[in-house]
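Novice: Here it is: the structure, laid out below.
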Ligand SMILES: Cc1cc2nc3c(=O)[nH]c(=O)nc-3n(C[C@H](O)[C@H](O)[C@H](O)COP(=O)(O)OP(=O)(O)OC[C@H]3O[C@@H](n4cnc5c(N)ncnc54)[C@H](O)[C@@H]3O)c2cc1C
């Protein structure tokens, strides 16, 4: 039987969410904490297609009290580190590694967590090498290892975009991308730049959507690139919105994608799925309460069924609002930090710098009724004019 390690807080995942929470806890004087990372710091970003860049802009406005949108610490800036506005996955992973080194965040790499087991007064965490008992766990495992494969017939014949290392590697022409949000449009832009003809198929028309929330419509960065591609290569890019794929079939010539409109597109290359990811909570879903497909959280982003278990990351939802970008979910680093400090009987007063810089936002009522709120009764995309 191996030794059982006791720590005050275990954080699972060394991406922006896990590291941001660790930094908030360190700021509060919580030192007996451990971040367990299954691979390496920033692993998801290292797995992005090489050409992919962050859509949220980085800019070092920190001295003017407006922290770089992609930063996970008040006084750091990926823009300052790399001198660019849209870091690549590789550059962002380097930023995360620099933060770990600079702030001496206690991270153990290559420790995939295989079990989070509730025990009396806390949790037992298992990796291949370690057994740890702790009263506080933050699950920050991210979505990237849970690609969403749609349910239509033949979906498994397609290739999810998260498996692509570089758009340079994709041979053939006449490519079909299923999904028209950020990843699909990023793929389309990169392929058209490489001289390929591309058709994008989407249930809505996110490229037209004028929703004010970038969680619901294309970011200005992606929309600008797509408009540029449409202007420069009008015959290379076809956007097929407001339709669903009903079936993908394979024959000797390649693949046929059949749409709900009755149209079909055929291609020699396996269609690309840009259909997003399942919830980041997938591996620990039984430790959280769910309402249909949505997890339910306490006001401090904890599990409603297991006290001491918290979540940080893009699958956070509160009162129908999504926190799917870094600048959104970092607004809760201070909230989780304060909740854990209180459980450890440390000072749990909100840290003024975190409040001032938007790293500790408790007033999320403003999001309940505003345009960026999720409305489960509304169609997936607002109705828009067809302009092409
Ligand atoms: C392709 C893509 C592009 C995106 N672009 C942007 C963008 O431009 N701007 C933005 O703000 N957001 C963007 N996002 C949103 C995205 O969710 C966040 O940027 C970010 O990756 C989420 O942070 P995270 O820490 O929750 O997850 P991750 O960055 O995925 O980190 C999770 C970490 O947990 C580790 N892990 C997982 N399971 C285990 C386990 N069992 N044991 C131990 N470790 C484990 C993983 O190896 C990983 O290192 C993008 C997302 C994707 C998928």
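Residue numbers (our numbering): 114 to 501.
Glycine included, each C-beta is placed from N, C-alpha and C at the ideal position.
1) Using CA atoms only, rank isn't needed, just tell me which of 199, 476 and 456 is closest to residue 141.
2) Would you say the beta carbon of residue 437 is closer than 7 Å to some non-hydrogen atom of ligand 1?
3) Identify, in the order they occur along the chain, each residue of the same chain with its Cβ nearer than 8 Å to the Cβ of residue 143, setting aside the five sequence neighbours on each side.
4) Considering residue 202, what are the terminal residues of the alpha helix (DSSP H) in which it resides?
5) Let me know the secondary structure DSSP gives residue 361 once reduced to three states.
6) Does DSSP classify residue 336 as helix, strand or coil?
7) How many Å lie between residue 178 and residue 375 at the Cα?
8) Count the other CB atoms within 10 Å of the CB of residue 289; is the residue buried (16 or more) or exposed (fewer)?
9) For residue 263 and residue 388, which I take to be in contact (beta-carbon distance under 8 Å), what is that distance rounded to the nearest angstrom?
10) Mind listing, in chain order, the continuous alpha helix (DSSP H) runs of no fewer than 4 residues lying wholly within the region 375-454?
11) Taking all protein chains shown into account, do 16 or more other C-beta atoms lie within 10 angstroms of the C-beta of residue 473, making it buried, or fewer, making it exposed?
12) Going by DSSP in three states, residue 178 sits in which element: helix, strand or coil?
13) Bridge partners for residue 249 per DSSP, in chain order?
14) Using 10 angstroms around the beta-carbon of residue 530, count the other beta-carbons present and answer buried if the total reaches 16, otherwise exposed.
15) Here's the rule I'm using: 16 or more other beta-carbon atoms within 10 Å means buried, otherwise exposed. How should residue 377 be labelled?
16) Applying the 10 Å Cβ sphere with the 16-neighbour rule, what's the burial state of residue 269?
17) Grouping DSSP H, G and I as helix and E and B as strand, with all else coil, what is residue 297?
Specialist: The short version:
1) Taking the first residue of the chain shown as 1, we reach residue 141 at position 28. Here the closest residue by C-alpha is 456.
2) Position 324 of the chain shown, counting from 1, holds the residue named residue 437. Yes, the beta carbon of residue 437 sits closer than 7 Å to at least one heavy atom of ligand 1.
3) In the chain shown, counting from the first residue as 1, residue 143 sits at position 30. Here the set comprises 121, 122, 450, 453, 454, 457 and 459.
4) For the purposes of this step, residue 202 is taken as residue 89 along the chain shown, with counting starting at 1. 202-215 is the extent of the alpha helix (DSSP H) around residue 202.
5) On the chain shown, residue 361 is found 248 positions in, with the first residue counted as 1. Residue state, collapsed to three classes: strand.
6) In the chain shown, the residue the question calls residue 336 occupies position 223. It is helical.
7) Here residue 178 refers to the residue found at position 65 of the chain shown. Here residue 375 refers to the residue found at position 262 of the chain shown. Computed Cα separation, rounded: 54 Å.
8) To locate residue 289, count along the chain shown from 1; it is residue 176. Classification for residue 289: buried.
9) Translated into positions along the chain shown, residue 263 becomes position 150. Translated into positions along the chain shown, residue 388 becomes position 275. Yes, residue 263 and residue 388 are in contact; Cβ-Cβ is about 5 Å, under 8 Å.
10) 439-442
11) Position 360 of the chain shown, counted from the first residue, corresponds to residue 473. By the Cβ-count criterion, residue 473 is buried, with 16 or more other Cβ atoms from all chains shown falling within 10 Å of its own Cβ.
12) In the chain shown, the residue the question calls residue 178 occupies position 65. Here residue 178 sits in coil by DSSP.
13) Position 136 of the chain shown, counted from the first residue, corresponds to residue 249. Note: residue 249 sits in a beta bridge opposite 122.
14) Since the first and last residues shown for the chain are 114 and 501, residue 530 lies out of range.
15) Sequence index remark: in the chain shown, residue 377 carries index 264 (1-based). Exposed, by the Cβ-count rule.
16) By 1-based counting over the chain shown, the position of residue 269 is 156. Looking at its Cβ environment, which holds fewer than 16 other Cβ atoms inside 10 Å, residue 269 is exposed.
17) Reading the chain shown from its first residue, position 184 is the one you call residue 297. Shown here, residue 297 sits in a helix according to DSSP, grouped into three states.
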